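Peer 1: When you line the sequence shown up against UniProt numbering, it's residues 1 to 320, in that order. Even for Gly, the Cβ is constructed at its ideal location relative to N, Cα and C. Note that the structure is predicted; figures quoted are calculated from it, not measured.
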Amino acid sequence: MLTEVGKTLQVDESIVSNLLRVLGMIQKQGHWVPYKLKPRDVEWRILTSSNFKVVKSTKFVDRCSDGREPYSARSRHRGALLIFSFIEFEYNIEKYRQGAEVDCDNLKNLFNEIGFDKPTVYTNLKKAEMLHTITALDQMDALVNVDCVFVVVSSHGYERRATSDTDIRCSDGGLVSSYAIIERFNNHRCPKLKNIPKIFIFQICRGTNMDLLSPPIHMFHPNDRVEADGSSIQVPLYSDILIVHSTLPGFSSYRDQLLGSFYIQALCEVFAAHAHDNHIKDLFELVDEKLKEKFGVQTSSVDSWGFNKKLYLHPGLFED
Numbered sequence: 001m002l003t004e005v006g007k008t009l010q011v012d013e014s015i016v017s018n019l020l021r022v023l024g025m026i027q028k029q030g031h032w033v034p035y036k037l038k039p040r041d042v043e044w045r046i047l048t049s050s051n052f053k054v055v056k057s058t059k060f061v062d063r064c065s066d067g068r069e070p071y072s073a074r075s076r077h078r079g080a081l082l083i084f085s086f087i088e089f090e091y092n093i094e095k096y097r098q099g100a101e102v103d104c105d106n107l108k109n110l111f112n113e114i115g116f117d118k119p120t121v122y123t124n125l126k127k128a129e130m131l132h133t134i135t136a137l138d139q140m141d142a143l144v145n146v147d148c149v150f151v152v153v154s155s156h157g158y159e160r161r162a163t164s165d166t167d168i169r170c171s172d173g174g175l176v177s178s179y180a181i182i183e184r185f186n187n188h189r190c191p192k193l194k195n196i197p198k199i200f201i202f203q204i205c206r207g208t209n210m211d212l213l214s215p216p217i218h219m220f221h222p223n224d225r226v227e228a229d230g231s232s233i234q235v236p237l238y239s240d241i242l243i244v245h246s247t248l249p250g251f252s253s254y255r256d257q258l259l260g261s262f263y264i265q266a267l268c269e270v271f272a273a274h275a276h277d278n279h280i281k282d283l284f285e286l287v288d289e290k291l292k293e294k295f296g297v298q299t300s301s302v303d304s305w306g307f308n309k310k311l312y313l314h315p316g317l318f319e320d
């Protein structure tokens, strides 16, 4: 009923969704249903509310401490955000990913506050649809004249042994490798993004091992809510690419059914508080520290493919 009221009043859907969660509802199979909260659940959820505010930059970074110029991130087309979210799977091939929609809302809110263009969100694509979508990336208007590109993929994932690649589950059960996605953004297939920083964030499991530490004393998570988730080229084929995984090869990635994945929670908190004066690689180091400090689980990984400059997002600051 509240969702219908939201449409009538033309209120943003994410605001209505957050309100329903505060009222103790969760989305299940496309419908909002009550969640039986323990008293401590409410306390934890309030403490980790996604209603964060991004600290805005007050000046541009013209030159880094090492004397080099950073990537340019000053225009009103600060960046493009593409989200591929797989939540529900046909024939119950995989478990419904309760809480993944929270990640999507949080990311949209975060990057909107930073100054990105309207995000492009793909939900529950089948394998053929996924392959068609990434093949047509070079024709996307959303990728024209942007300062940077963030691609977030959220699903069940499976380690490809003896490689650093990971298979990603599509809604029909088909698998697409993480490298197949990254490949579509190389300088040959997507020349419009040459010299543009491209950041890939994979919120997926990469195995079944549990990367658990002893949780902090103040830490609380009810177990029933947390789930384990040929022509000549004159430039390098791959450059300006940063690949971020929420966990290491062989290990699980954790997701709270009310608050979303641990990694995206940590990322949103860190970016909101520190993106105004930290470059992107430092931000991801802070995210990893936040994971350990707040949740006591998971070690994330960041790989650089020719990402040779520093990228400052300059939230809320634009060059006239």
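In angstroms, rounded to a whole number, what distance separates the CA positions of residue 306 and residue 87?
Peer 2: Residue numbering aside, residue 306 sits at position 306 when the sequence shown is read from its first letter. Residue numbering aside, residue 87 sits at position 87 when the sequence shown is read from its first letter. Distance between the alpha carbons of residue 306 and residue 87 is about 32 Å.
Peer 1: What are the partner residues of residue 80, as DSSP defines its beta bridges?
Peer 2: For this step, residue 80 is matched to residue 80 along the sequence shown. Answer is 149.
Peer 1: In this structure, how does DSSP classify residue 138 when only helix, strand and coil are distinguished?
Peer 2: As a first step, residue 138 must be located in the sequence shown, where it is residue number 138. Helix, per DSSP.
Peer 1: Nearest to residue 85 by CA position, among 282, 126, 272 and 186, is which residue?
Peer 2: What you label residue 85 is simply residue 85 of the sequence shown in a count that begins at 1. Selected option, being the one with the closest Cα: 126.
Peer 1: Please list, in chain order, all residues of the same chain as residue 78 whose beta carbon is under 6 Å from its beta carbon, the five residues on each side excluded.
Peer 2: The sequence position of residue 78 within the sequence shown is 78, counting from 1. These residues qualify, in order along the chain: 115, 116 and 147.
Peer 1: CB-CB under 7 Å to residue 267, same chain, minus the five flanking residues each way: which ones, in chain order?
Peer 2: By one-based count along the sequence shown, residue 267 stands at place 267. The residues are 287.
Peer 1: Flag this pair as touching only if the region 128–144 and the region 89–101 have three or more C-beta atom pairs under 8 Å; answer yes or no.
Peer 2: For the pair of segments examined, the region 128–144 was found not to touch the region 89–101: the number of CB pairs separated by less than 8 Å stays below three.
Peer 1: Among 150, 106, 272 and 80, which residue has its Cα nearest to the Cα of residue 144?
Peer 2: Locating residue 144 in the sequence shown gives position 144, where the first residue counts as 1. If we check each option's Cα against that of residue 144, 80 comes out closest.
Peer 1: Smallest Cα separation from residue 113: which of 269, 309, 170 and 248?
Peer 2: Here residue 113 refers to the residue found at position 113 of the sequence shown. Among 269, 309, 170 and 248, the Cα nearest to that of residue 113 is on 269.
Peer 1: Within the chosen definition, does the region 188–204 reach the region 238–250 through at least 3 CB pairs nearer than 8 Å?
Peer 2: yes
Peer 1: On the premise that residue 295 lies in contact with residue 283, defined as a C-beta separation below 8 Å, what is that separation, rounded to the nearest angstrom?
Peer 2: Against the sequence shown, residue 283 aligns to sequence position 283. Against the sequence shown, residue 295 aligns to sequence position 295. Your pair residue 283 and residue 295 does not check out as a contact, with CB atoms roughly 18 Å apart and the cut at 8 Å.
Peer 1: Using CA atoms only, rank isn't needed, just tell me which of 158, 73 and 107 is closest to residue 259.
Peer 2: Working through the sequence shown from its first residue, we reach residue 259 at position 259. With distances taken between Cα atoms, residue 259 lies closest to 107.
Peer 1: Should the region 273–283 be regarded as contacting the region 296–315, the criterion being three or more beta carbon pairs within less than 8 Å?
Peer 2: yes
Peer 1: Between 301, 304, 263 and 103, which lies nearest to residue 291 when the distance is taken from Cα to Cα?
Peer 2: The residue you call residue 291 lines up with position 291 of the sequence shown. Of the listed residues, the one whose Cα sits closest to residue 291 is 263.
Peer 1: Expressed to the nearest angstrom, what Euclidean distance is found between the alpha-carbon atoms of residue 255 and residue 157?
Peer 2: Counting from 1 along the sequence shown, the entry for residue 255 is found at position 255. Counting from 1 along the sequence shown, the entry for residue 157 is found at position 157. Answer to the nearest angstrom: the Cα atoms are 13 Å apart.
Peer 1: So, for residue 172: in the same chain, excluding its five sequence neighbours on each side, which residues have a beta-carbon less than 7 Å away from its beta-carbon?
Peer 2: To locate residue 172, count along the sequence shown from 1; it is residue 172. Same-chain partners within the cutoff: 90, 126 and 127.
Peer 1: Among residues of its own chain, excluding the 5 on either side of residue 155, which ones have a beta-carbon nearer than 6 Å to its beta-carbon?
Peer 2: As a position in the sequence shown, residue 155 is number 155, starting the count at 1. Excluding positions up to five away in sequence, the list reads 86, 168, 169 and 204.
Peer 1: Identify which residue in 240, 96 and 153 has its Cα closest to the Cα of residue 185.
Peer 2: In the sequence shown, residue 185 corresponds to position 185, counting from 1. Nearest option by C-alpha distance: 240.
Peer 1: Around the Cβ of residue 257, are there at least 16 other Cβ atoms within 10 angstroms (buried) or fewer (exposed)?
Peer 2: To locate residue 257, count along the sequence shown from 1; it is residue 257. Buried, by the Cβ-count rule.
Peer 1: Hey, would you say residue 319 sits closer than 8 Å to residue 75, going by beta carbons?
Peer 2: Position 319 of the sequence shown, counted from the first residue, corresponds to residue 319. Position 75 of the sequence shown, counted from the first residue, corresponds to residue 75. Yes, the Cβ-Cβ distance between residue 319 and residue 75 is below 8 Å.
Peer 1: Using the C-alpha atoms, what's the distance from residue 196 back to residue 179?
Peer 2: Translated into positions along the sequence shown, residue 179 becomes position 179. Translated into positions along the sequence shown, residue 196 becomes position 196. If I take the Cα positions, the gap works out to 19 Å.
Peer 1: According to the neighbour-count rule (16 or more other Cβ atoms, all chains shown, within 10 Å of its Cβ), is residue 311 buried or exposed?
Peer 2: Position 311 of the sequence shown holds residue 311. Residue 311 is buried by the Cβ-count criterion.
Peer 1: Would you mind sorting residue 93 into buried or exposed? The rule is 16 or more other CB atoms within 10 Å of its CB.
Peer 2: For the purposes of this step, residue 93 is identified with residue 93 of the sequence shown, where counting begins at 1. Residue 93 should be labelled exposed.
Peer 1: Please state whether the Cβ-Cβ distance between residue 189 and residue 138 is less than 8 Å.
Peer 2: The count along the sequence shown starts at 1 and reaches residue 189 at position 189. The count along the sequence shown starts at 1 and reaches residue 138 at position 138. Going by C-beta atoms, residue 189 is nearer than 8 Å to residue 138.
Peer 1: Classify residue 304: buried if its beta carbon has 16 or more other beta carbons within 10 angstroms, exposed otherwise.
Peer 2: Position 304 of the sequence shown, counting from 1, holds the residue named residue 304. Exposed is the call here.
Peer 1: Counting C-beta neighbours from all protein chains within 10 Å, is the total for residue 43 16 or more, i.e. buried, or is it exposed?
Peer 2: Your numbering for residue 43 matches position 43 in the sequence shown. Any reading at residue 43 needs caution, since the residue's pLDDT is 41, under 50, leaving its predicted position unreliable; the model's value is listed next. It counts as exposed.
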